[in-house]
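Numbering of the sequence shown is given in the UniProt record's numbering, commencing with residue 1 and proceeding in unit increments.
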Amino acid sequence: MQIEVVKSKIHRVKVTGADLNYIGSITIDEDLMDAANIIRGEKVQIVNNNNGERLETYAIPGPRKSGEITLNGAASRKVAVGDILILITYGQMDIEEAKKFNPSLVFPNEETNLLN
């Protein structure tokens with residue numbers, strides 16, 4: 001049997017941009033993506049602490065050391081610049097593997113979105 005478990009989480013990042021006219025996705029500072037083991041194109045669940053919205057899209061890398069967290073396309077309507085988000089990815093594995101698995105948890109600086 002396979003189960004779905006948290007693979008990675010970027011906890012409490014601030015939205016830096018919302019671009020309705022982009023084709024879709026979430027742009028994430030590539031340093032944060034690396035730290036959380038998130039790859040380009042990976043599905044990301046977005047939880048907005050300010051308004052309770054939950055949505056899914058895919059990750060694209062933003063400039064390193066920029067702290068960029070930009071929601072693109074239709075998802076941009078679900079956030080405001082300055083909102084606090086939790087970004088979560090999931091992986092599927094068998095139960096025995098899941099019992100031993102440790103997710104990548106990242107807690108960036110809440111003001112700058114940069115790694116401490």
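Glycine residues also receive a C-beta, built at the ideal position from the N, C-alpha and C atoms.
Close CB contacts of Ile-38 within its chain, under the 6 Å cut and outside five residues either way in sequence, are with Ser-8, Ala-59, Thr-89 (chain order). Taking the CA atoms as reference points, Thr-112 sits about 35 Å from Ile-3. Asn-51 and Asp-94 have their C-alpha atoms spaced approximately 34 Å apart.
For Ile-95, the enclosing alpha helix (DSSP H) begins and ends at 95-100. In terms of CA proximity to Asn-49, Val-81 leads the group Gly-24, Val-81, Pro-61, Lys-43. Rounded to whole angstroms, the gap between the alpha carbons of Leu-115 and Leu-87 is 15 Å. In chain order, Val-5, Val-6, Lys-7, Ser-8, Lys-9 place their CB closer than 8 Å to the CB of Pro-103, counting only its own chain and leaving out the 5 sequence neighbours on each side.
Between Leu-71 and Val-13, the gap from beta carbon to beta carbon reaches 9 Å or more.
By the neighbour-count definition (other C-beta atoms within 10 Å, threshold 16), Ala-36 is a buried residue. If you draw a straight line from the Cα of Glu-96 to the Cα of Ser-76, it is about 38 Å long. Sorting Arg-40, Val-79, Asp-29 by C-alpha distance to the C-alpha of Pro-63 places Asp-29 at the top.
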